[in-house]
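Student:
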Amino acid sequence: MYEFDWSSIPGALPFLAKGMLVSLEIMVAAVVIGIVWGTLLAMMRLSSIKPLSWFAAGYVNTFRAIPLVMVLLWFFLIVPHLLEQLLGVPRGTDMRLGSAIAGFALFEAAYYSEIIRAGIQSVSKGQMAAASALGMNYWQSMRLVVLPQAFRNMVPLLLTQGIILFQDTSLVYVSALADFFGTASKVGDRDGRLVEMLLFAGAVYFVLCFSASQLVRFYQKRLKTA
Amino acid sequence: MISINNVNKHYGAFQVLTDCTTHVNKGEVVVVCGPSGSGKSTLIKCVNGLEPFQSGGITVNGVAVGDPKTNLSKLRSHVGMVFQNFELFPHMSIAKNLSIAQTKVLGRDLAEAEVKGLQLLDRVGLKAHAHKFPGQLSGGQQQRVAIARALAMDPICMLFDEPTSALDPEMINEVLDVMTELAQEGMTMMCVTHEMGFAKRVAHRVVFMDHGRIVEDDSKEAFFDSPRSERAHQFLAKILQH
Amino acid sequence: MISINNVNKHYGAFQVLTDCTTHVNKGEVVVVCGPSGSGKSTLIKCVNGLEPFQSGGITVNGVAVGDPKTNLSKLRSHVGMVFQNFELFPHMSIAKNLSIAQTKVLGRDLAEAEVKGLQLLDRVGLKAHAHKFPGQLSGGQQQRVAIARALAMDPICMLFDEPTSALDPEMINEVLDVMTELAQEGMTMMCVTHEMGFAKRVAHRVVFMDHGRIVEDDSKEAFFDSPRSERAHQFLAKILQH
Amino acid sequence: MAYNWNWEVFLQPSATGSGTYFDWMVYGFKTTIGLSLTAWLIALLLGALVGVLRTVPNKLLSGIAAAYVEVFRNIPLLVQLFLWYFVLPELLPTELGNAFKQSNPFVQQFLSSMLCLGLFTSARVAEQVRSGIESLPRGQKNAGLAIGFTLPQTYRYVLLPMAFRLVVPPLTSEFLNIFKNSAVCSTIGLLELAAQGRQLVDYTAQPYESFIAVTLAYVVINVTVMVLMRRVEARVRVPGFIGGK
Amino acid sequence: ESATLKKIKEIGAITLGHRESSIPFSYYDDKQQVIGYSQEIMLKVVDAVKAELNLSKLDVKMMPVTSANRIPLIQNGSVDIECGSTTNNTERQKQVGFSNTIFVIGTKLMAKKNSGINDFPDLAGKNVVTTAGTTSERLLRKMNEDKKMGMSVISAKDHGESFLTLETGRAVAFMMDDALLYGETAKAKRPADWSVVGKAQSMEAYGCMLRKDDAGFKKVVDKAIAGLMTSGEAEKIYNKWFMNPIPPKGLNLNMPLSDEMRALFKSPNDKAFD
Ligand SMILES: Nc1ncnc2c1ncn2[C@@H]1O[C@H](COP(=O)(O)OP(=O)(O)OP(=O)(O)O)[C@@H](O)[C@H]1O
Ligand SMILES: Nc1ncnc2c1ncn2[C@@H]1O[C@H](COP(=O)(O)OP(=O)(O)OP(=O)(O)O)[C@@H](O)[C@H]1O
Ligand SMILES: [Mg+2]
Ligand SMILES: [Mg+2]
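Protein chains in written order, with our numbering: chain X, 155 to 380; chain E, 21 to 262; chain V, 21 to 262; chain W, 4 to 248; chain D, 14 to 287.
Okay, structure coming up:
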């Protein structure tokens, strides 16, 4: 039987907290950018202007075809280079966080756009007709009537995707960014207490994600009764 | 007021409306009826440009609906429309449902819009429910709110698409009562409905559609007493039997 | 045949059925009506055990529905039920819809079941549609198939829950006709409906419910001519007005 | 950028003397496919079972199913994989654990990965199946029961056939996900596609060629799966039935 | 004229690539500071660069790298120099440049003391672990093919997982660079249980990675490293990291200076061993 030795956890807590901050930072930034960009993509996809709809479909399908790990790897290798050339960011700037966020955001946008598209489609066609019949133009109808309902209907799915995203932040190990999981495994490796550290990390993830998904459920219930 | 001339519309190869022509004068109440799928909803949606059509012309108060230069949003804001499934905005309170288009489309200020909204709610007997959300009202109540919402825009005419067919039998009359009152006040109305009692009481004319064509377009008396077409005859027989 | 005695049912604190008692004799047709939410659907679902109830008793053909020892599946296979939304199985052809329960529940062999299914389809006038899928039929046709499906199990009695309320007005009568025929053949029926014409023509008794209570339980003549309760009076007034 | 492109690297004999680097990629590709397909089988069977259990009118069973889903959904795949491979054998009875640990390493890695991916995905499949069942009109279940089906028969003949049709699109994306998620299994040393790609980088120092090859391989898998699932979708389409929900 | 030096001068900053848990070469201490033998040498190199360019101030940016991304990062300019535990070999020379060798290791085995594993021939038919992407991995796989030893080779993601594989009894031995093996021994729950054994299968030279074809920068780096070695300073650094307790837990690797290292310190060079 394996002998557990939890002694390196207390000392590592400050690092783990820092790692958690990085994970959260990535998640929040990626969720926000992902939802905004995903909404635009969804509207393009549903638009009657063919090139826009093709572009959105192509974008979504491309990103959904590639494993996140590979996307992150590509972004990690290429984004800094691009930024350097396009925006004149000084060479050698540490852009790991930036490229990780960009990678996540663009990747997640593909998933969010599918959720939001479903959300828009879940709003009955009559709502759009009713808004138009009151004299609202396309943007007013979308902004005041359709999107608020689409988002409300999709909040559970959006949050669930957020939880998945949070778990997936552990994949930034490919860019050597010290997120929560990466920190845990590095400290575990350094101290020769990998098993303990990762069990601990797993427990923390579970508690956070489970609480979040309970919140989602609570919200869903409230939606149903409201 | 509303003038429909030789309108044709098709979805791909499927012809939904064929050569539809009819006119609604100011203050007139026209009931549109016909079997399911005959194109009633489509016709009425063409009137305020919710559905485009391929040929023919529709003018509302002199404005050509099919003309690309027409500001459709503006036109629609003067034409009230009431749907089968009410289509209140579920994420807004009743008061907000009534005020939102007034403020965002007509540019009224919020206070004014709310006062107007409350007046109309009062008129349909629902003043006490202003703060509630649509989901908390019964179907009949929701449909009355929908009528009030359309009235809040000071429409020059009103379109109804089967306003009572999604309602429990008990609630149908509370909605028909509001509509009857409107008609008696002289509102121009075009109304798709199967409520023949309402048609007999209120309509000036009845338009009967079948397979995308206007088969009969007659005074109410002529229609009910001696429908000219066989199809209308059958339809009336089926619908009035029970 | 069906005997309901002092049945009480609640969801949490909300009492849906209060002390309901009524009986349906063999060959009798009972119409259940009442305002929306009054518990009509719940009552009828209790009869074949689709909804459990907390106290009181129901027996069908002598079998106690609430008894844990009762084989509910077996009981239900003898009680035909028809729903508001037809509830045909959308992934099976019409023929399969009619034969599946015969083979899987009654253990008939497939050929026999299919013959029986076709006979019943013929009876409701839909023999030609056997190979189609439910989604390809109109609402009225679907509901007639649903009735045929129930009949295929050789039921000893039939329960209907607003069988026509999801139908276009034109189709209501084709379904009511089938039901009328059934009634005339002596089928025991318990039928939630707002079609008062049907009730007047076919029912032996009318049960009127309000707020989970059976408020009236009378012969059809007594009910329509002189309802005893104020509530039933109002209800009839509203529903018969138009 | 100072980079020496060299696509011929794939034709070079590998450093360990076992075939070319292209052979390595093929090996990884096969492993990814084998792993994903077996894991998918587990996910589908288990997911359907758990999804059904979540909807049955029995507090205990649906509670167990709910707990199952929560556990497998709320821990990152990376952590789960680590637990399956490194921790679980330590918790087994010593002899069983040792027997497992001394077996062929590829078998160990493959089994751990397969179970891990399969169970992880089964939780997601279960949620899809559940939502499919719940999105059916409530009357369908009643109709099944009313006609005399027992509850299992109602699921078998009425609810599941429709529920599965409804969830083919979301299941397609789970199916795609399993291929993509299998890339994570390289972290316990399983030489699947992504791992072989990384090996190639280590051995040949030609990172871009290798990443591009791996990325393209995933795209190929994806397109194939999508085309296949479209076929399935068209195959099971119910005539006259419009829309999902 | 050196592009790297020019860039460093222009922006007044240099980016160093480091590893995160290559004990004792380049790793984090318990304050998340990078420390280690290679790190110390790299900092000396930075001093030399600063002096060469006559800069009063030089920003030092740290960038952690992994074995998978270190080469692309050097190439795309994200990192200017990486001193960790990177072996200098001919394939890599096609993509990047290497400085003078900073360390020489031999690839050996780590095994449990009483396990009966004393050298490579003892491994026949057994499970052996090594870290993915290392020279040891290819040596081991090649040895297995060439001598038909019937070993099952496990390639773990990193040294920590390799050791865990050994520790949990999945493998009887862990083949790796001897210095790293000493590091792993020191981290073990019971260091006394483990020993580093076997005849070194190969010698490998660790160098600092630079961009290819930047002779000017390489010259400065090489000169700095050679200076450290010939002046005896390198040996002091060696003793600090290999013969004394090191952070974070005060472990002592107890790895005496090898003959190869002695030779290197005497005559610094940038030769790869293969
Ligand atoms: N978007 C569409 N694409 C193709 N066909 C359509 C579309 N919308 C309506 N149709 C078809 O056009 C015909 C007329 O539809 P419409 O809704 O106007 O009928 P209706 O008379 O209002 O019927 P109901 O009484 O059922 O509301 C129908 O056959 C319908 O199937
Ligand atoms: N699962 C449930 N949980 C809680 N309340 C319920 C549930 N099902 C029904 N009810 C409530 O029980 C009451 C009776 O419902 P029931 O469906 O029997 O009414 P009904 O008379 O059939 O009405 P309708 O004419 O609208 O079909 C209603 O107030 C309803 O809101
Ligand atoms: Mg219509
Ligand atoms: Mg009901």
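Glycine is no exception: its CB is placed at the ideal position from the N, C-alpha and C atoms.
(1) I want to know whether the region 68-80 of chain D touches the region 21-31 of chain D - three or more CB-CB distances under 8 Å.
(2) Do F214 (chain W) and G200 (chain W) have their C-beta atoms closer together than 8 Å?
(3) For L348 (chain X) and I150 (chain W), what's the separation of their Cα atoms in angstroms?
(4) Roughly how many angstroms lie between the CA atoms of H231 (chain E) and H30 (chain E), to the nearest whole one?
(5) Give the range of the beta strand (DSSP E) segment to which R199 (chain X) is assigned.
(6) Cutting at 6 Å between CB atoms, please list the residues of its own chain near A183 (chain X), excluding the five before and the five after it.
(7) Here's the rule: buried if 16 or more other CB atoms are within 10 angstroms of the residue's CB, otherwise exposed. What is M216 (chain D)?
(8) Given that K170 (chain D) touches chain W, what residues does it touch there, using C-beta distances under 8 Å?
(9) Leaving aside the five residues before and after P92 (chain W) along the sequence, list all residues of the same chain whose C-beta is less than 7 Å from its C-beta, in chain order.
(10) By how many angstroms is the C-alpha of I167 (chain E) removed from the C-alpha of A304 (chain X)?
(11) Does the beta carbon of N215 (chain X) come closer than 8 Å to any beta carbon on chain E?
(12) Using a beta-carbon distance below 8 Å, is P85 (chain D) in contact with chain W?
(13) Assign W8 (chain W) to buried or exposed, taking buried as 16 or more other Cβ atoms, counted over all protein chains shown, within 10 Å of its Cβ.
(14) Could you give the residue range of the alpha helix (DSSP H) that holds L301 (chain X)?
(15) Return the residues of the region 104-133 of chain E that lie within a Cβ-Cβ distance of less than 7 Å from chain X, sorted by chain order.
(16) Within the 8 Å Cβ cut-off, does H149 (chain E) reach chain V?
(17) Looking at K46 (chain E) and ligand 4, is the gap between the Cβ and the nearest heavy atom below 7 Å?
(18) Report the residues of the region 137-158 of chain W with a CB closer than 7 Å to any CB of chain V, ordered along the chain.
(19) Nearest chain D C-beta to P16 (chain W) closer than 8 Å, yes or no?
(20) Using alpha carbons as the reference points, say which of D:I36, D:M164, D:I130, D:M123 lies closest to N107 (chain W).
(21) In whole angstroms, what separates the C-alpha of V227 (chain V) from that of V102 (chain V)?
(22) Hey, is the region 199-218 of chain X in contact with the region 361-376 of chain X, meaning 3+ C-beta pairs nearer than 8 Å?
(23) Give me the residue from X:Q374, X:D322, X:V328 with the minimum Cα distance to Q83 (chain W).
(24) What does L177 (chain D) reach in chain X if we use C-beta pairs closer than 8 Å?
(25) For T41 (chain V), does the count of other Cβ atoms within 10 angstroms reach 16, so buried, or fall short, so exposed?
(26) Hey, would you say the C-beta of K65 (chain V) is under 7 Å away from at least one heavy atom of ligand 4?
(27) Do L122 (chain D) and M188 (chain D) have their beta-carbon atoms positioned less than 8 Å apart in this structure?
(28) Would you call the CB atoms of L196 (chain E) and T184 (chain E) closer than 8 Å?
(29) With ligand 4 as the reference, list in chain order each residue whose Cβ lies under 7 Å from any of its heavy atoms.
(30) Can you find at least 3 beta carbon pairs, one from the region 114-125 of chain E and one from the region 278-297 of chain X, that sit closer than 8 Å?
(31) Run down chain W in chain order and give the residues with a C-beta less than 7 Å from the C-beta of Q108 (chain D).
(32) Name, going along the chain, the residues of the region 44-64 of chain V whose beta-carbon falls closer than 8 Å to a beta-carbon of chain E.
(33) According to DSSP, M210 (chain E) sits in a beta bridge with which residue or residues?
(34) Would you identify the three-state DSSP class for N113 (chain D), choosing helix, strand or coil?
(35) Please report whether the beta-carbon of D188 (chain E) lies at a distance below 8 Å from any beta-carbon of chain V.
(36) Using three-state DSSP, classify S246 (chain E) as helix, strand or coil.
Tutor: In short:
(1) yes
(2) yes
(3) 58 Å
(4) 12 Å
(5) No beta strand (DSSP E) contains R199 (chain X), which is instead part of the alpha helix (DSSP H) from 162-200.
(6) I255
(7) exposed
(8) S189, T190, I191, G192
(9) G100, F103, K104
(10) 25 Å
(11) no
(12) yes
(13) exposed
(14) 301-322
(15) N105, E107, F109, P110, H111, I120, A121, K124, V125
(16) no
(17) no
(18) P140, G142, Q143, N145, A146, L148, A149, I150, G151, F152, T153, Q156
(19) no
(20) D:M164
(21) 18 Å
(22) no
(23) X:D322
(24) L348, V349
(25) exposed
(26) no
(27) yes
(28) yes
(29) V:K60, V:S61, V:Q104, V:D181, V:E182, V:V212
(30) yes
(31) N7, A208
(32) P55, S56
(33) E:V50, E:L179
(34) strand
(35) yes
(36) coil
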